[in-house]
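Working notes for the structure below.
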Ligand code: BES
Ligand code: MN
Ligand code: ZN
């Protein structure tokens, strides 16, 4: 990791002074520092770093602006320091208000995707601020980095075979069990929709099933959409919409990141990770608009649009997970463009009928600085994806409420789980933020880790 949290501050460590906007004069810093700040018009602007030098011209410290903190609080703002400080040893002159998130922000802010030759971020050793848990911050950062790396890797190196390898690596790291059902075996084992969506691709469609933890512990099941690339299928996407579709396995990537956090913390749960992994490709054997699929659950599904493929593979995967009546079932998916229209790329919606779970998630979202917003499973819209020939269609035709319709479609495949929530994530950050550069992004999993670890404490 380019940023390393160190338990102790070294002798030559330099201080970062956190300055709220307009508070410089009350900071108690020596007069030369104050005039240097004034000469540079530094007033504590949000996210701004101003380096300080000693008389020999060596960097001796830094000021970091916290802004006026009016736009909600930004606990991970100090993460920007990972990319503005020169390399070497640093510490906070005084612990930040939210030491836990500041420490995690520093780790996350130091991420770079280096597999294709880009330079890593500079090496910074930062003394762990008082009040932060180093092992926990590292667990969370590893989970986030796993999700980012999986999403950032283009499909030529992250097809279904490679996602399976990544899942086996993750399982191997934690002593988990993996089973994979692939290709025509999906038909024999009754996963018709996963097979239909993925059968036209060069790499076989598959269902990856990871199990970890004591069999009698509370069952937590994570399901992630693993569409390694979404061309749209025969209802092909235009070039501009297809460009980013290597990230359509973002649900699977996020779920793997979350699984790492749970297993590394050794939480007392029986964890299950179910990943339907396919490429939505075009070939002579591709599934077609108007095809009718008989799902694992028994519902017949008319394909109104081959680009609404995520809900098809998730339908079979959720039905499978639901069969053993988990205590908590979570699915994550880059499911709809409509969720982005509603809330934008940085605020993923979740859907659940479980009021206690919704409340826990909203609270955890604030505490973990991991934005989430609840949207409704609005039953009056449930008739909108009806079919004249099958039980249901995979799309509605009026174009309204696309994220809700997709969530209601998924709900048809869940019934026995004691609690279920669906997360429609973007899995991508279009711009740099303090705690991470533009590119593949973990969303909702730090909030979920809080909920799961609070419900099932180690
Ligand atoms: N993977 C896409 C959804 C998506 C698109 C997520 C862009 C993030 C950014 C999904 O498979 C899809 O194509 N959904 C369609 C559904 C439509 C055909 C009902 C969509 O959202 O346009
Ligand atoms: Mn699609
Ligand atoms: Zn998709």
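In this note's numbering, the protein residues as written are 31 to 488. Think of the CB as a built atom: it goes at the ideal place given N, C-alpha and C, for glycine as much as any other residue.
Distance between residue 95 and residue 76 (C-alpha atoms, nearest Å): 5 Å
I need the straight-line Cα distance from residue 476 to residue 418, nearest angstrom please. 42 Å
Would you call the CB atoms of residue 233 and residue 260 closer than 8 Å? no
Alpha carbon of residue 162 to alpha carbon of residue 269, nearest angstrom: 45 Å
Roughly how many whole angstroms lie between the Cα atoms of residue 194 and residue 238? 7 Å
So what's residue 473 in DSSP terms, helix, strand or just coil? coil
Give the DSSP bridge partners of residue 453, in chain order. 362 and 380
Residue 274 at chain C interface by Cβ criterion, 8 Å: Checking the listed chains, one finds no chain C in this structure; it contains a single protein chain.
Can you round the beta-carbon distance between residue 277 and residue 457 to whole angstroms, since I take them to be within the 8 Å contact cut? 5 Å
Based on Cα-Cα distance, which residue from 213, 229 and 214 lies nearest to residue 264? 229
Examine the ligand ZN and report whether any of its heavy atoms sits within less than 7 Å of the Cβ of residue 364. yes
Keeping to the same chain, check which residues put their C-beta closer than 8 Å to that of residue 391; ignore five residues upstream and five downstream. 380, 382, 402, 404, 451, 477, 478 and 481
Environment of the ligand ZN in chain order, Cβ to heavy atom below 5 Å: 257, 260, 278 and 340
Looking only at its chain, what residues have a beta carbon closer than 7 Å to the beta carbon of residue 350, apart from the 5 residues adjacent to it on each side? 304 and 326
Where does residue 168 sit, in a helix, a strand or coil, going by DSSP? helix
Cβ pair residue 258, residue 279 closer than 8 Å: yes
Cα-Cα separation, residue 98 to residue 423: 50 Å
With a threshold of 7 Å, establish whether the CB of residue 254 neighbours any heavy atom of the ligand BES. no
C-beta atoms of residue 185 and residue 145 nearer than 8 Å: no
Between residue 262 and the ligand MN, is the CB less than 7 Å from at least one heavy atom? yes
Using 8 Å as the Cβ pair cut-off and three pairs as the minimum, do the segment 163 to 180 and the segment 244 to 259 touch? no
May I have the straight-line CA-CA distance separating residue 242 from residue 88, to the nearest angstrom? 51 Å
For residue 293 versus residue 196, is the C-beta distance shorter than 8 Å? no
Does the beta-carbon of residue 424, which I'm using as the reference point, lie nearer than 7 Å to any heavy atom of the ligand MN? no
Given that a residue counts as buried once 16 or more other Cβ atoms are within 10 Å of its Cβ, and exposed if not, what is residue 275? buried
Taking 7 Å as the cut-off, is the C-beta of residue 368 nearer than that to any heavy atom in the ligand BES? yes
Could you pull the DSSP bridge partners for residue 300 from this structure? 249
Neighbourhood of residue 189 by C-beta, 7 Å cutoff - its chain only, sequence neighbours within 5 removed: 233, 258 and 309
Could you check which residue in 338, 321, 200 and 302 has the C-alpha nearest to that of residue 361? 302
What would DSSP say about residue 181, mapped onto helix, strand or coil? helix
Output the boundary residues of the beta strand (DSSP E) element that contains residue 45. 44 to 50
In or out: residue 364 buried (at least 16 other Cβ within 10 Å) or exposed? buried
From what residue to what residue does the beta strand (DSSP E) around residue 230 run? Unbroken run through residue 230: none, as it is neither H nor E.
For the putative contact between residue 420 and residue 299, defined by C-beta atoms under 8 Å, what is the C-beta separation to the nearest angstrom? The pair is not a contact, with the Cβ atoms about 37 Å apart (cut-off 8 Å).
On the three-pair Cβ rule with 8 Å, is the segment 426 to 435 touching the segment 67 to 87? no
If we ignore side chains and look at the alpha-carbon of each, how far apart do residue 488 and residue 416 end up? 45 Å
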